[in-house]
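Chains as they are written, first to last, in numbering that gives the first Met the number 0: chain E, 0 to 599; chain R, 0 to 599.
Inspection log for the structure reproduced underneath, given as structure tokens.
Protein chains: 2
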Amino acid sequence: MATSRIMSRRDLDFLLYEWLDAEALTRRPRYAEHDRGTFDAVLDLSEQLATDFFAPLNQSTDAAEPYVGDDGRVVLPPEVARALAAYTGSGLPASVFDHELGGLQLPFVVHQAGSAFFQAAAIGVFAYPFLAEGNANLLVAHGTPDQVRRYAAPVVEGRWYGTMALSEPQAGSSLGDITTRAVRQDDGSYRLTGTKMWISGGDHELGENIVHLVLARTPGAAPGVKGISLFIVPKHLVHDDGSVGERNDVALVGLNHKMGYRATTNTLLNLGEGLTTPGGTPGAVGHLVGEEGRGLTYMFHMMNEARVSVGAGAVALGYTGYLHALDYARVRTQGRALQDKDPAAPPVVLTAHPDVRRMLLAQKSYVEGGLALILFCAHLVDESRTAPDPDDARRAERLLGLLTPIAKSWPSQWCLAANDLAIQVHGGYGYTRDYPVEQFYRDNRLNPIHEGTHGIQALDLLGRKVVEGDGAALRLLGDRLRATTRAATGAGGDAASYAAQLDRTWDDVLRVTGVLWAKGDPALALANASLYLEALGHVVVAWLWLEQLLAVGGRSGGFYDGKRAAVRYFYAFELPRTGPQLALLESLDTTTLDLDPDVL
Amino acid sequence: MATSRIMSRRDLDFLLYEWLDAEALTRRPRYAEHDRGTFDAVLDLSEQLATDFFAPLNQSTDAAEPYVGDDGRVVLPPEVARALAAYTGSGLPASVFDHELGGLQLPFVVHQAGSAFFQAAAIGVFAYPFLAEGNANLLVAHGTPDQVRRYAAPVVEGRWYGTMALSEPQAGSSLGDITTRAVRQDDGSYRLTGTKMWISGGDHELGENIVHLVLARTPGAAPGVKGISLFIVPKHLVHDDGSVGERNDVALVGLNHKMGYRATTNTLLNLGEGLTTPGGTPGAVGHLVGEEGRGLTYMFHMMNEARVSVGAGAVALGYTGYLHALDYARVRTQGRALQDKDPAAPPVVLTAHPDVRRMLLAQKSYVEGGLALILFCAHLVDESRTAPDPDDARRAERLLGLLTPIAKSWPSQWCLAANDLAIQVHGGYGYTRDYPVEQFYRDNRLNPIHEGTHGIQALDLLGRKVVEGDGAALRLLGDRLRATTRAATGAGGDAASYAAQLDRTWDDVLRVTGVLWAKGDPALALANASLYLEALGHVVVAWLWLEQLLAVGGRSGGFYDGKRAAVRYFYAFELPRTGPQLALLESLDTTTLDLDPDVL
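See the structure below:
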């Protein structure tokens, strides 16, 4: 089959229209101005812009890393600004926002599908509008109308950018330990002092301003996460009429030099360093969002979408790597078939070798399975916002909460594994910078770390999401999964046998979950939470592969046969991996708990 | 425990002396001049030189990649030459060679242990002497006395370097398809024309000369591997008195730009390009090694050692990454214990978190297990050469042949996984080039590719080594493994329960191997050979962990407790992974065979 070298539009269409019935969303008031035609136009436009403006600079922006010039400003290759101007000019930064803010009110699932082209083409460049969107999204949800007008609207228009400034050098996974201080002033504003680390897009000259959303502590606030508030800290102060004024006291201390994702500046920022002294008072000017002490609550409110989008980036990198490996394997010749003993016969293409096919099928099952997971979750975001029945909306939100750590972690692990296999298919060539797959592998290695590491996601899943509401979310997932296996059993054939395998594994998951929490001891229950995350991730993706198989039905053609091959692979090679993981969890193994780290 | 930041000398001592009884080798004639004192001196010297001269340039040589200067010569940072001068000055290049060649006649296992320090410190720099040693080794085994004197002796002295020039742009895994031509001249020499790709150390100015060992075809030779001959092609021609003469027609076409391993030049070379025309006749001057048509046989004769050494490099990179992660996890604080609800309590070190302990234990089990595998195989090399009983020597060689694809592949997979975990333990810091672990990960990614990919190793294991002699090698392995489980059963306690688990798994391996070959159909038997390689690798390492536990015995102390913890981890978390793999193999799954690649 012909494939796009960036993403498979055919697969996106299948998942959106033949499986998720995204078109049905247009019957809801929020999306009533849309139809399949406007959805398709967004996908067409995204593919075209990503192909024309983003893909060509992926390797060059990796090689020419951003640096700080003599004037203290960040220098990026000029083609980055050109690509972002094309993106802004298209109106896509406004995709998900309300009409009244100049937005397009696109369903999140369609936006996510379109964004995949940009993430696949040049994820380090697309990170700038990606971060800005998340920033504006949070302000729209929790800011005052004036804050939205002043700080979010220019971001939606694509004129400004934005960041999430959470981490500090000593506090990444443990945000309760941040020490940046925010002191209230007589005029209601705050002055912030402190140091923020790992701030992606924390400085650059791509727009007129950068809106930092900063977590900080007010004097006398409670220790831990309950004493944290959220502040708007613009790089340049903003006048009442929305125009950009003098520089705020947000100083770029340095850029982090990363293994990949290099087009994205990643910064160490000092607030209140004395770079400027706005109004004569020391500290960076900040404006409280919502109420004091609720900063993390606001942040977590947007966390589902942010984490699903990180997973989407991991999928996009894995997916484009797979397409590159496939293109290569179809034309590169090497060796002979095992049964062919004639050394004078011409060599065969790589796809003739079973082990290469295994590596391609594995990649396909990871990246198409991952894409299904991401779009399913993105669709749940839309459901949670627009389902006509409020109970449906609440169920969607609850299921989304359970699936979020998986949507973030599973692609970060397995689509990175796909990138590893894409290198392997290329052999020595894949290890060189003349081919793009090694960059995908380096870029994707970020995803298991940022927005909460695997270990953090595992604790979120098994320590919170699985237990809250007495297991309500897991029951919702079980209901959906069982509905799928019932339908698959009815369909008979391979689908029925996959359904039986999945039903047995789900029984195991439920039993193991019960055993883990039987004693109510978090230390014991969570000792091997990472394995639980991995196992449940494979089960969820197996379920979604069965969903895809049902959507395929009896249709003929190479595309559908490819889906059949991938689901066969996943149930034969992948789902069984969960067996030993679940058995270990059920044994309440205490190897890690018993370990005295001094003996390492 | 205090740890070296490069390698653990304590672990090397344990494996060499408390487990393998390397000292006993000194009772054999070849090693009679050695004792524990000289072995220790080699390890001391290696650690010191690696620490003082190699480790300091690892990051700088990664950042400042070799390039071709205006004069066409390769430019490397000057500190590379200084480090190699220190290595050469120490006499270590002569470690394994015969006294009559100026060698030290060290056991290979001791040499391998010492080399681990250099591989861990700066593998891309150590590659130059590493490649030279392999080159000289092959010449010593198959060259004429004059060839050895003229081309190998200067390499043993450390004055010259050497390469293995096998691959071509169109032929990597499939060497039968090489097309470089070698035409015999009246004086008995040959003239070679062709293009060689991926030649590590293929050009540089580090020594007075570079001896290329080149595979090529003579006119009228048989197609495939039987028509390939081996030639000495020096960069500079060599006079009868051994002095270096005019330039041979070996032209550097370009350097490959790699993801890692950057200090090592990797080259595209043209032979007979017309760079020079030695004696007026076109083509690069070459000298036949041995007989025409036996080039690959000679090459494969040295393959066991070369592949074990590649595995050793993978282990060293994984090992040093583990030590760095451990050092970091012991001092970096983050978060609180799960049961601690007081946000005002001080944060704990990373090793207090079970998931971090899991990641450290996993690394420990991979790198110490991998080191045991490598040293066991290196010891078999010594056994195969010096065992007093010729039957013992033959058995050692046969067992080594079986274990070689595992010794090459298992560390390439799992010590790379260790590097991945070392990054994860570091969090965001691990993704930056300010910490060394991301480089280890990039460097180590080469190892699953060169010296035969995973897929090639898998076919070698299941298609050749397992079946030859009617399964004689697998029986040898089984005898050794069963002897270990018998001893462990006798020891009782945990050792006995691990033994029972390993015995059951070995029964599975034998049964599955029989099923795979029951129909004698290579296509069916080898369809999933990579899974067989992975599963048998885990079984072998589990066996060697049990061997280590027996060597630990009842001894007390942190070091021994660490071994106990790692073996416990390996049997609980790792060995069970083989269950689904062996089950899939036993099912004779044809997913990859049935696949029509057009549907991908």
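We put the beta carbon where it would ideally sit given N, CA and C, even for glycine.
The three-state reading of DSSP puts residue 106/R in coil, since its state is none of H, G, I, E or B. Only those residues of the region 1 to 35 of chain R whose C-beta falls short of 7 angstroms from the nearest C-beta of chain E would be listed, and there are none. Using beta-carbon distances, residue 422/E counts as an interface residue toward chain R, with a partner under 9 angstroms. A direct Cα-Cα distance of roughly 23 angstroms separates residue 131/R from residue 55/R. Per the C-alpha coordinates, the member of 310/E, 394/E, 342/E positioned closest to residue 442/E is 310/E. When C-beta atoms of the region 254 to 261 of chain R are compared with those of the region 58 to 65 of chain R, three or more pairs fall below 8 angstroms, so the two segments count as touching.
With a minimum length of 4 residues, the unbroken runs of alpha helix (DSSP H) contained wholly in the region 475 to 541 of chain E fall at 492 to 516, 521 to 525.
Nearest in C-alpha terms to residue 568/E, of all of 478/E, 591/E, 356/E, is 356/E. In the DSSP assignment, residue 210/E falls within the beta strand (DSSP E) that extends over 209 to 216. Of the other Cβ atoms in all chains shown, fewer than 16 fall within 10 Å of the Cβ of residue 98/R; this residue is therefore exposed. Closer than 9 angstroms to the CB of residue 355/R there is at least one CB belonging to chain E.
Residue 245/E sits in a strand when the DSSP states are folded into three classes.
Residue 383/E carries a helical assignment under DSSP once its states are collapsed to helix, strand and coil.
Residue 340/E counts as exposed, since fewer than 16 other beta carbons sit within 10 angstroms of its beta carbon. DSSP places residue 77/E within a helical segment (H, G or I) once states are collapsed to three.
Of the candidates 53/E, 262/E, 479/E, the residue whose Cα lies closest to the Cα of residue 84/E is 53/E. Burial check for residue 335/R: the Cβ neighbour count within 10 Å reaches 16 or more, so the residue is buried. Secondary structure in the region 280 to 320 of chain R: the alpha helix (DSSP H) runs of 4 residues or longer, each lying completely within the stretch, are 294 to 300 in chain order.
Taking a beta-carbon distance threshold of 9 angstroms, residue 122/R does not count as an interface residue toward chain E. Looking at the DSSP output, residue 393/R sits in no beta bridge, so it has no partner there.
Bridge pairing for residue 120/E: absent [DSSP]. Secondary structure of residue 265/R (DSSP, three-state): strand.
Spatial neighbours of residue 153/R in its own chain (CB-CB distance under 6 angstroms, excluding positions within 5 residues in sequence) are listed in chain order as 159. Restricting attention to 283/E, 518/E, 483/E, 523/E, the CA atom closest to the CA of residue 505/E is found in 483/E.
Nearest C-alpha to residue 411/E among 431/E, 430/E, 435/E, 365/E: 365/E. The region 380 to 397 of chain R and the region 413 to 421 of chain R do not touch, with fewer than 3 CB-CB distances between them shorter than 8 angstroms. Distance from residue 324/R to residue 374/R at the Cβ level is roughly 22 angstroms; contact not present, criterion being Cβ atoms closer than 8 angstroms. At a Cβ-Cβ threshold of 9 angstroms, residue 515/E and residue 461/E count as neighbours. Straight-line spacing of the CA atoms in residue 510/R and residue 342/E works out to 33 angstroms. Where residue 232/R is concerned, the enclosing beta strand (DSSP E) starts and stops at 227 to 233. Among the bridge pairs identified by DSSP, residue 167/R is matched with 170/R. For residue 93/R, no beta strand (DSSP E) encloses it, and the DSSP letter there is neither H nor E.
If you look at residue 274/E, you'll find it isn't in any beta strand (DSSP E); DSSP assigns it neither H nor E. Assigned with DSSP and collapsed to three states, residue 198/R falls in strand.
Within 7 angstroms of the CB of residue 568/E, the CB atoms of chain R belong to 590, in sequence order along the chain. In summary, no residue of the region 106 to 118 of chain R has a CB separated from any CB of chain E by less than 8 angstroms.
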